[in-house]
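Below is one structure; the comments refer to it alone.
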Amino acid sequence: MENRIENETVPEAGTVTALGRLMKLALGVAGGIALCAMMVLSVYDALGRSLFNAPLFGANDITQVLLVTTVAAALPLCILAGQAIRIDILADMLPPALGRMVDAVLRWVGAVMLGYLAWRCLLNGLEATRFGETTMLLLISHAPFYLLLAGGLALGALILLFPQLVKRQSR
Amino acid sequence: RELKLASFVPPQHPMDRAAITPMAEAFNAAANGTSTIKVYPSGELGAGPVQQYKRVVTGIADIVFGIPEYTPEQFPRTTLMNLPGLFETPEAGTTALWDHYELFEPDFAQVKMLAFWTNSPAILITREKPVRGIADLAGMKIRVPDPAAAKMAEAWGAIPVSTPTTETYNAMSTGIVDAVWIGPSGIGSYKLHEVGKYLVTNLPSPLATFYLAMNKDSWAALSPDEQAALEKVSGRDLSMTAAAAFDKAGADGLALAKEAALEFITLDEASVAELTDKSQDVLDALAEEAAAKGGFDAKMILSTVTSR
Amino acid sequence: MSATMTGLAGFAALFVLMGLGMPVGIAMLLVGFVGIVSLSSLNAAAYTISGQAFEIASMYDLSVLPLFILMGNLASASGLSRDLYTAAYSWFGHRKGGLAGATVLGCAGFAALSGSSIASAVTMGRVAYPEMRRFNYGSRLSTGVIAAGGTLGILIPPSTGFVMYAILTEQSIGRLFMAGVLPGILLTALFLLVIALIVHFRPAEGPAGPLSSTAERLAASRRALGILTIIVLTIGGIYTGVFTPVEAAGVGAAFALVMLVLRRQARPEVIRHVVLETLQTSGMCFLILIGASAFSPFIALSELPRDAAAMFTGLGLGPYGTIILLLIAYAVLGMFIEGLSLLVITLPIVFPVIMALGFDPIWFGVIMVVVLEMGLISPPVGVNCFVVKTVADDVKLQSVFAGVMPFWAAMMVCLAMLIAFPQIALLLPNAMF
Ligand code: NA
Ligand code: NA
């Protein structure tokens, strides 16, 4: 993996970067709320049980769907921040022109793969009722959460296609 | 042709040893190598119990091992069997499943059923306080196996807790729960004899159902000889073998508990009657709800399988 | 093409795609998908990848990942990392190599709050590097100690490495966390020993710092109590069984948030930064896990695990010979492949072999994590060394790599001790509750 720690923003005006910022804000708020809810829920459950003899029934079920929500926001954010782990030792050896071409091809292939996964998650969501997919105790339907995950993956695919959204990384 | 059997339990699991691997081996011997069943244990083809039914219907696997209670909405009729207090032994539960299979068949309309069985009704293991009647259950935190059991526990004044089975030992040893309500075969698996003091054997208790089901296209693709061979090593006989294996695992678990000097409690008839009485409304409501959702006669199913 | 050949071709394709710069998680997803299509069917592949992605994203146990990452980020934002370093510095700064020792102790303490080696190296690096430079520490020692100390982040619980291992091998997260405690302390001690040896033979590398007064020491130690509380709450809570790992993570994060508020650091931009960092790091872990969850059914279908087990038994090396061979292979692979990726890629093959040889899965988890730590600092792809380079702009990367070599040797010693005395790892998990 190359050094992707210190982000160095390349100033770039235009709608694409504005869109990137908007995406980051929306995903950050959604993911942050789910994350926070997960934290509060586990504290409430643990303390309620040990101090007040009143655990929250089905807390695990709620945690599960909150986790899906968190992940749905986290995946595109990770790609947007250029933090998906990469190991590009071969790429560094290629001549620059070829390297750019390979990079573009791989981005397209990756985006198609993620997009296809998003599409299949969407179909799964539409079928979730048919297979009775719910959480075990509270019977929360998996359907809407499949759709959230599909949305997150689809955004991730889009971001891969628009590298100008992703923060440039210093070496 | 290789038939992929997807199981989410590891190969050492009693159900793999009692039903899954024996069926695969018997079929492979009988089919003379024209088709073979290959077992993919431990979720190798996909993790967890929730999606097992989907995996067999969509053809990710040709055969799956599944537990209906993880997706109650897919199996509204079968999960009626989980209602506490219906059966006393795995054999009785399994016999009922096969004597009246047509009642449950709609739950499994998209697959070919290979085996269908139950375990033993749960026993209650408590960590400090003995339970000799309904009064002792008040305020007790009980780890419950499923939503129906949770409603029952509430009706008895207890507090249902939903820890994963893998956390049961920890939860009992540290007092996260005061009691676990679990099939007796779980005593050995989760070392509950080390952390419990009392064991109640005759609470009106739930049991769990299990199935081995096959993709319909995969079934149709078998030659008539192969189909006959598979029929021979599966079905009611295999189910009864699996039930017997649970019975033995349950007896082994109880023996462990005896050895560890847990006090065995058998509730008297009056206490059982009181508990049954208190929970009857819950049972009726659950049956009603399942029936309303699924559009079938739950009361009829219950009265048929239990002759009550 | 036989299933085995398809499996091998899959691995080759994976390495090429990764080498060319495709994100590891997406490369695994792609190879897993194509592999299942060829060994099973398009339909099976389509349902497998989407079903597995959801299974991973909704796995209750995995909620420890974002929660512990949140805890580490909150602790870092509220300045808890500096407190640790300052406390260790006040006690040992006046000795030869004392600042380097304080850095290792600071790293070990921060490791108990953070699940990531990179985060540990960055956080402690920013605090400790300027100090060491101020007191004329050698560039090799001062960068090497940060890069190596940071790796303690995945050995001392909580640890993303252990969580990934637990999910991929169906082991208990709590037991794995506990198994990392004593080896973490051992490795910390070995690092301190390495520093002592370095400054003994080359005193110029680590001159003595200033002597702190008793009042300063007590004040610094008191400030470090906040961290101690979190460690007792989380690791202690898991050990005694009062909390499950998920609850410990939630309670730890909540407590770190309270500390942030009490220290008047809870400004909007800080919260925003913490939340985004947490989500991004979590996303990175989940992307890899989702890729791995598509890749491992492919590997199971390819029968490579069975072939690998047969091959290793066929070599007739015996269990310990096989382990050593595997470790050498990992040390080499670890030079090129980032740690977590190496773990998720190789486990479907290696874990069945280890089980067949009769080794303890918890113990092997610890061995794996120490091997990953070595990969994190070994050239040419030593992530922690790159990280330190970003903190220490004035130092050449070669110097950083030269600086970590003695610590790499300490990790080898740690591995040897773990193999000779597995109890070091297994004592605590076996004594839990
Ligand atoms: Na850590
Ligand atoms: Na390396």
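Line by line, the protein sequences are chains A, B and C. FYI, the numbering for the first sequence is 4 to 174, going by this note's numbering. FYI, the numbering for the second sequence is 527 to 834, going by this note's numbering. FYI, the numbering for the third sequence is 447 to 879, going by this note's numbering. For every residue, glycine included, the Cβ atom is placed at its ideal position computed from N, Cα and C. The structure presented is a predicted model; accordingly, all values stated were derived computationally and were not measured.
Interface partners of residue i on chain B, CB under 7 Å
| i | result |
| --- | --- |
| A/Phe60 | Ala676, Pro686 and Ser688 |
Cross-chain neighbours of residue i in chain B, by beta carbon under 8 Å
| i | result |
| --- | --- |
| C/Tyr685 | Here the premise fails: no neighbours, minimum Cβ distance about 11 Å. |
| A/Thr137 | Thr597, Pro598 and Glu599 |
| A/Leu142 | Pro598, Glu599 and Pro673 |
| A/Arg52 | Lys667, Val687 and Ile702 |
| A/Phe134 | Gln577, Tyr579, Lys580, Val583, Thr597 and Gln600 |
C-alpha distance - residue i paired with residue j, whole-angstrom precision
| i | j | result |
| --- | --- | --- |
| B/Ala754 | B/Ile563 | 15 Å |
| B/Asp672 | C/Ala755 | 39 Å |
| A/Arg174 | A/Leu109 | Low confidence applies here, because A/Arg174 scores a pLDDT of 31, under 50, leaving its location unreliable; read the following figure in that light. Cα to Cα, the separation comes out at about 20 Å. |
| B/Ser829 | C/Pro807 | 48 Å |
| A/Met4 | C/Ser563 | For A/Met4, the pLDDT reaches just 35, beneath the cut-off of 50, and the residue's location in the model is therefore unreliable, although a value from the coordinates is still provided. One C-alpha to the other measures close to 14 Å. |
| B/Pro686 | A/Met26 | 42 Å |
| C/Gly543 | C/Gln844 | 22 Å |
| C/Ile795 | B/Leu571 | 15 Å |
| C/Thr494 | C/Ala856 | 43 Å |
| B/Ala622 | B/Tyr566 | 30 Å |
| B/Glu815 | B/Leu718 | 34 Å |
| C/Ala712 | C/Ser536 | 27 Å |
| B/Pro647 | A/Pro79 | 47 Å |
| C/Thr569 | C/Tyr611 | 25 Å |
| A/Ala16 | C/Ala862 | Since pLDDT at A/Ala16 reaches only 49, below the 50 mark, its modelled position is unreliable, and the value read off the structure follows with that caveat. For A/Ala16 and C/Ala862, the distance between alpha carbons rounds to 55 Å. |
| C/Asp839 | C/Glu651 | 19 Å |
| B/Thr584 | B/Leu640 | 17 Å |
| C/Pro868 | C/Arg541 | 34 Å |
| B/Asp773 | C/Met801 | 30 Å |
When the options are compared against residue i, the one with the closest alpha-carbon
| i | options | result |
| --- | --- | --- |
| C/Leu679 | C/Thr660, C/Ala699 and C/Glu662 | C/Ala699 |
| B/Asp743 | B/Pro602, B/Lys638, B/Gly592 and B/Ser533 | B/Lys638 |
| C/Phe825 | A/Thr138, A/Ile92, A/Leu163 and A/Ala121 | Checking the displayed sequence, the identity of residue 825 of chain C turns out to be Pro instead of Phe. Of the listed residues, the one whose Cα sits closest to C/Pro825 is A/Ile92. |
| C/Gln726 | A/Gly154, A/Trp122, A/Leu83 and A/Tyr47 | A/Leu83 |
| B/Gly714 | B/Ala783, B/Ser731 and B/Ser765 | B/Ala783 |
| A/Arg52 | B/Val703, B/Gly820 and B/Leu812 | B/Val703 |
| B/Glu866 | B/Glu720, B/Asp807, B/Glu800 and B/Ser760 | Residue 866 of chain B lies beyond the residue range present for chain B, which begins at 527 and ends at 834; the question has no answer from this structure. |
| B/Tyr579 | A/Asp95, A/Glu136 and A/Asp64 | A/Glu136 |
| C/Ala775 | C/Leu803, C/Leu454, C/Ala665 and C/Met814 | C/Met814 |
| C/Leu864 | C/Pro469, C/Ala670 and C/Leu601 | C/Leu601 |
| C/Val640 | C/Gly849, C/Ala746 and C/Cys731 | C/Gly849 |
| C/Ala534 | C/Gly525, C/Ser522, C/Ser524 and C/Gly547 | C/Gly547 |
| B/Asn741 | B/Arg581, B/Ala573 and B/Gln538 | B/Arg581 |
| B/Ser711 | B/Met698, B/Thr691 and B/Pro730 | B/Thr691 |
Contacts that residue i makes with chain B (C-beta to C-beta distance below 9 Å)
| i | result |
| --- | --- |
| A/Leu156 | None at all; the shortest Cβ gap to chain B is about 18 Å. |
Amino acids of chain A, ordered along the chain, whose beta-carbon sits closer than 7 Å to that of residue i
| i | result |
| --- | --- |
| B/Gly665 | Asn56 |
| C/Pro603 | In chain order: nothing, as chain A lies at least about 17 Å away. |
Environment of residue i [buried if 16+ CB atoms lie within 10 Å]
| i | result |
| --- | --- |
| C/Gln617 | buried |
| B/Asn645 | buried |
| B/Lys530 | buried |
| B/Asp633 | buried |
| A/Trp111 | exposed |
| C/Ser487 | exposed |
| B/Ala818 | exposed |
heavy atom of ligand 3 below 8 Å from residue i C-beta
| i | result |
| --- | --- |
| C/Pro604 | In terms of ligand content, the structure shown lacks ligand 3 and carries ligand 1 and ligand 2 instead. |
Within chain C, the residues that residue i reaches when beta carbons sit closer than 8 Å
| i | result |
| --- | --- |
| A/Gly66 | The identity of residue 66 of chain A in the sequence shown is Thr, whereas the question assumes Gly. Under the 8 Å cutoff, chain C gives Tyr506, Ser509 and Val692. |
| B/Gly572 | Thr494, Gly497, Gln498, Glu501 and Pro743 |
| A/Val112 | Met468 and Leu476 |
| A/Ile162 | Neighbours of A/Ile162 on chain C: none; closest Cβ ~11 Å, over 8 Å. |
| B/Ala749 | The sequence given here places Ser at residue 749 of chain B; Ala does not occur at that position. Here the premise fails: no neighbours, minimum Cβ distance about 21 Å. |
Interface residues of chain A facing residue i [CB-CB closer than 8 Å]
| i | result |
| --- | --- |
| C/Leu682 | Note on identity: in this sequence residue 682 of chain C is Gly, with Leu being the wrong assignment. Ordered by position in chain A, no residue passes the 8 Å Cβ test against C/Gly682, which lies about 14 Å from the chain. |
Contacts of residue i in chain C (Cβ-Cβ under 7 Å)
| i | result |
| --- | --- |
| A/Met207 | Residue 207 of chain A is absent from the model: chain A starts at 4 and stops at 174. |
| B/Tyr566 | Ala746 |
| A/Leu152 | Ala499, Phe500 and Ala503 |
| B/Ile843 | It is not possible to answer for residue 843 of chain B, since the shown part of chain B is limited to 527 through 834. |
| A/Ala21 | Those do not exist, as A/Ala21 stays about 17 Å from chain C at its closest Cβ, beyond 7 Å. |
| B/Glu693 | Thr690 |
Anticipated Cβ contact below 8 Å, residue i with residue j, distance rounded
| i | j | result |
| --- | --- | --- |
| B/Val607 | B/Leu738 | A small correction: the amino acid at residue 607 of chain B is Met; Val does not occupy that position in the sequence shown. Not quite, the Cβ-Cβ distance comes to about 16 Å (not below 8 Å), so this is no contact. |
| B/Ala552 | B/Val759 | 4 Å |
| B/Thr694 | B/Tyr716 | 5 Å |
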